[in-house]
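Going down the list, the sequences are from chains G and V. Letter 163 of the first sequence, counting from 1, is numbered 172 in the working numbering, and no numbers are missing. Letter 18 of the second sequence, counting from 1, is numbered 1484 in the working numbering, and no numbers are missing. Just so it is clear, CB atoms sit at the ideal spot from N, CA and C, and this is done for glycine as well. From a predicted model like this one, the values you see are computed outputs, not experimental measurements. A short write-up of the structure that comes next.
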Amino acid sequence: MRDVAVIGVGMQKWGELWEKSLRDIFTESALLAIDDAGVDHIDAMYVGCMTSGLFVGQEHLGSVMADYLGVAPIPSVRVESACASGGVAFRQAFIDVASGVHDIVLAGGVEKMNDIDGGGATHALSTAADAEYEVYHGVTFPGLYAMMAVDHMHKYGTTRDQLSHVAVKNHRNGSRNPLAQYPYELTLEQVAGSLLVADPITILDCSPITDGAAAAILCPLDMAKRLSKRPPVKVLASAHATDTIALHSRPDISWLSAVEKAGEKAYKAAGLGPKDISFVEVHDCFTIAEICAIEALGFFERGKGGRGAESGETAVGGRIPVNPSGGLKSKGHPVGATGVAQVLEVVKQLRGECGGRQVKGATIGMTQNMGGVAGSCAVHILGSV
Amino acid sequence: MSTSARYWREIPQRYRLEAAKCRKCGKVHFPPRVICNTCRGREFEKVVLPDAGRLLTHTVIRIGPSAFSNETPYAMGIAELDGGVRLTAQIADVEFDELTVGMPVRIEFRKLREEGEAGILCYGYKFVPAR
Ligand SMILES: [Zn+2]
């Protein structure tokens, strides 16, 4: 295995990108990453995307994107693992470079979610759950996370207010991220008082429907300085784990076992523990998801994640800053792109390019990207060289 | 639209709660599986799940998928049936503010929804409060 570095990243502002197509938004972010790295070619490409077939009627993205990026005939393949598609695409690119098969590899992610109506988008997202034994009965993703929230509240006394604190904190960070879809602050009252989607989850506990893409360029660490003028960021660990597809099949409804397992593998591979991590980008598709993720990754004891945002420990400047980018909540959640955008935030933080949301003195960043109710999870640790 | 095979294939589970008990370790799987995820046994006997249990968690779906847009708002939960099998279903005949963790429920056979124009009427199990 070769050591692997990220030498370039690219992303444009996320949101409702009515003027642009799926292929446009991917290609523009991919070009930004290629330009950032300063490379004159790529050898292979991985495209994370959850369900372009249902969102825009287009599959076969390996070919579409290689064609429109003008890099065909290089090998290019679409990677799908629901909302973890981006993180897993990044992992495939890492494995590709680490193994020695290819030298310069692009990991991208994309989703165009606004070309269908809300009901269609809800349906498309629900395909990440168990179609016959959850979705058949009328469950939605907010509904599944709501049932995790009720379980967490019942077992540990987690409060409605603590959920709101997660949204408020992430929007405060996101208000300092010019690429975020909703770069503005919220109050606790706004979050708790907004439209109920699935009790106790309100619309402001949910990440939004987003069009967007992100891309990163990976290469062997020992080639990084020769290939690129950018300060390389080393991939210290890449881990991936799975869990039951149905939430009801798990012994503990609010414990994200795949996140715990992927986290453990990543810490072991990097020879690090939670105390060594400067900041983490977690998959806050719903406010409760951030609370469960920071427990499963070992930043908080089981049942105590609700205190994170409330106490200020997860704020930028706190003990363990969580989602300095604004997270999925404020930055947006184009499902297939999210995992790559998390890596982009880590790279930019480690380069010290994050302005008002910069984590001071950051040297090691972690990403956690999950599909469905963490039926799959990718965790990466990256560090300054 | 899906073929009817996709619907009738699941009828033994949805109408009659048929599960598979691993002959090696005794774990009951619902729905049945080809291989036991606990002991990797491949032989099973057919058993029928009990129809009583307790709610482990619950929610009220207020914004539903398009297939259920005529049903919202509706309560849903995960219940553990006597014997330990857990499943997800709607909770019928309940006031939303009655929903509590640990609430005793039983399973009833109900209509769930109609699938599109001239589509299949979808039936299955729902929880109801056991009073
Ligand atoms: Zn068994």
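Closer than 9 Å to chain G by CB, residue i
| i | result |
| --- | --- |
| residue 1483/V | no |
| residue 1505/V | no |
| residue 1542/V | yes |
| residue 1562/V | yes |
| residue 1497/V | yes |
| residue 1492/V | no |
| residue 1572/V | no |
| residue 1597/V | no |
| residue 1480/V | yes |
CB contact below 9 Å: residue i versus chain V
| i | result |
| --- | --- |
| residue 342/G | no |
| residue 127/G | yes |
| residue 131/G | yes |
| residue 279/G | no |
| residue 144/G | yes |
| residue 65/G | no |
| residue 40/G | no |
| residue 250/G | no |
| residue 6/G | In this structure chain G extends from 10 to 394, so residue 6/G is not present and cannot be described. |
| residue 256/G | yes |
| residue 218/G | no |
| residue 141/G | yes |
| residue 385/G | no |
| residue 203/G | no |
| residue 173/G | no |
| residue 393/G | no |
| residue 163/G | yes |
Residues that residue i contacts on chain G, provided the C-beta gap is smaller than 8 Å
| i | result |
| --- | --- |
| residue 1534/V | 147 |
| residue 1555/V | 146 |
| residue 1590/V | 145 and 146 |
| residue 1537/V | 147 |
Three-state secondary structure (DSSP) of residue i
| i | result |
| --- | --- |
| residue 1564/V | helix |
| residue 57/G | strand |
| residue 171/G | helix |
| residue 1588/V | strand |
| residue 63/G | helix |
| residue 40/G | helix |
| residue 1501/V | coil |
| residue 235/G | helix |
| residue 220/G | strand |
| residue 1576/V | strand |
| residue 1490/V | coil |
| residue 254/G | coil |
| residue 72/G | helix |
| residue 388/G | strand |
| residue 1511/V | strand |
| residue 1531/V | coil |
| residue 118/G | strand |
| residue 289/G | strand |
| residue 29/G | coil |
Any non-hydrogen atom of ligand 1 within 8 Å of residue i CB
| i | result |
| --- | --- |
| residue 1490/V | yes |
| residue 315/G | no |
| residue 1550/V | no |
| residue 60/G | no |
| residue 253/G | no |
| residue 228/G | no |
| residue 1512/V | no |
| residue 2/G | The structure shown has nothing for residue 2/G, since chain G only spans 10 to 394. |
| residue 366/G | no |
| residue 1506/V | yes |
| residue 270/G | no |
| residue 1493/V | yes |
| residue 386/G | no |
| residue 1502/V | yes |
Proximal chain G residues relative to residue i, where beta-carbon distance stays under 7 Å
| i | result |
| --- | --- |
| residue 1530/V | 147 and 149 |
| residue 1511/V | Simply none; closest approach about 20 Å. |
Beta-carbon neighbours of residue i, restricted to chain G and to distances below 9 Å
| i | result |
| --- | --- |
| residue 1527/V | 147, 148, 149, 151, 152, 155, 206, 207 and 208 |
| residue 1578/V | 145, 146 and 147 |
| residue 1476/V | 141, 142 and 145 |
Proximal residues of chain V, C-beta to C-beta of residue i below 9 Å
| i | result |
| --- | --- |
| residue 160/G | 1522, 1523, 1544 and 1567 |
| residue 262/G | 1522, 1523, 1544 and 1552 |
Interface partners of residue i on chain V, CB under 8 Å
| i | result |
| --- | --- |
| residue 135/G | 1531 |
Near-chain B residues of the region 68–96 of chain G - C-beta to any C-beta below 7 Å
Annotation note: the requested chain B is absent from the structure, which comprises protein chains G and V.
Tell me the start and end of each unbroken alpha helix (DSSP H) in the region 121–203 of chain G that is at least 4 residues and wholly inside, in chain order.
Taking only runs of at least 4 residues, the alpha helix (DSSP H) segments lying wholly in the region 121–203 of chain G are 127–135, 150–165, 169–183 and 197–202.
Jot down the residue ranges of each uninterrupted beta strand (DSSP E) in the region 83–116 of chain G, minimum 3 residues, whole runs only, in chain order.
85–88, all fully within the region 83–116 of chain G.
If we require 4 or more residues per run, which alpha helix (DSSP H) segments fall completely within the region 334–392 of chain G?
Within the region 334–392 of chain G, the complete alpha helix (DSSP H) segments of 4 residues or longer fall at 336–340 and 347–359, listed in chain order.
Report the residue ranges of all alpha helix (DSSP H) runs contained in full by the region 306–338 of chain G; include only those spanning at least 4 residues, in chain order.
Taken in chain order, the complete alpha helix (DSSP H) segments of 4 residues or longer contained in the region 306–338 of chain G are 316–320.
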